[in-house]
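Take any residue in the sequence shown, count from 1 to its spot, add 5: that is its number in the working numbering.
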Amino acid sequence: MKAVGYQQSLAITEPAALLDIELPQPVATGRDLLVKVAAISVNPVDTKVRKRAAPPAGEYKVLGWDAAGEVVAVGPEVSNFQVGDRVYYAGALQRQGSNAEYQLVDERIVGKMPANLNFEQAAALPLTALTAWELLFDRLELATPSLKHPKPVLLVTGAAGGVGSILVQLARQLTTVTVVATASRPETQQWVKELGAHYVVDHSQPLIPQLQQLGIAAVSHVASLTQTDLHYAELVQLLAP
């Protein structure tokens, strides 16, 4: 099968940083699905792994952790999927990725594609959606009513990015929190408003005065998705006890 991989962690400007290669088509065993990959998306993790993780000598590492495609074979222990299912998933860091014609993935981390999405749309979702969901509901626990913060306010810095775009929508649809989003350009500010943010402020300017103008003296929760070091002092001041 065709794939894109590398043998050494090189600068992306180097010809051997990413190579078009041929690999044996994998075989599904255990709880694995063999997926014919139809679409992928590229994430910052691809760059980070390529820079720091080289495969054993003589072998290739295949990147890619977001994909959508069709199941073409299943392992003998698979119980939730069958050949022909359209699926999407984020894969696993320790396994070969989705930058290939076929990929093995454990059925326990795979979802069936919503019928109203095409492959490209589905492949854009897994990592960003999982990250946003875990941040909102596992870490910040915003689905749980709080006596400490009866009227919660969530500040999302860098809200126009991939994770932020999903996070704002989840917060508006599934919680009662007031969402204050940050974006610095007119087009990204408009985008975040369309996603449902109650208020939008400019993170290229001091945050505290802008929130004060909105009548917000403090926030109960912060999702800092970009340049945390730049905003850290203000975020500490803004967080309610």
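Just so it is clear, CB atoms sit at the ideal spot from N, CA and C, and this is done for glycine as well.
The continuous beta strand (DSSP E) containing A8 extends over residues 7-11.
Taking the CA atoms as reference points, L235 sits about 25 Å from V182. By the Cβ rule, the region 180-199 does not count as touching the region 116-135, because fewer than three pairs are nearer than 8 Å.
G96 counts as buried, since no fewer than 16 other beta carbons sit within 10 angstroms of its beta carbon. The residue from L141, Q87, L179, E75 with its alpha-carbon nearest to that of V161 is L141. The DSSP-derived three-state label of K66 is strand. L230 counts as buried, since at least 16 other C-beta atoms from the protein chains shown sit within 10 angstroms of its C-beta. Within the DSSP bridge table, the entry for T180 names no partner.
Excluding its 5 nearest sequence neighbours in each direction, V79 has C-beta neighbours in its own chain below 8 Å: A33, D37, L38, L39, F86, Q87, V88, E112, listed in chain order. Secondary structure of L235 (DSSP, three-state): helix. The Cβ atoms of L132 and D71 lie closer than 8 Å to each other. A distance below 7 Å between beta-carbons, with the five flanking residues on each side excluded, links I221 to the following residues of its chain, in chain order: V158, V185.
Sequence-distant Cβ neighbours of L240 in its own chain, meaning closer than 7 Å and more than five residues away, are V227, S229.
Under DSSP, H226 shares a beta bridge with L159. Nearest C-alpha to P211 among A21, L243, Q195, L135: L243.
Assignment of beta strand (DSSP E) within the region 96-132, counting only whole runs of 3 or more residues, yields 107-111, 115-117 in chain order. According to DSSP, residue pairing for V76 in a beta bridge involves V40. Annotation for E199: the continuous alpha helix (DSSP H) segment containing it runs 191-200.
The continuous alpha helix (DSSP H) containing V50 extends over residues 49-57. Here Q30 is exposed, its C-beta having fewer than 16 other C-beta atoms within 10 Å. Under the DSSP assignment, I26 falls in the beta strand (DSSP E) whose first and last residues are 24-27.
Here V205 carries a strand assignment [DSSP, helix/strand/coil]. A check of alpha carbon separations from E27 across M6, A245, S170, K41 identifies M6 as the nearest. Bounds of the alpha helix (DSSP H) holding Q218 are 212-218.
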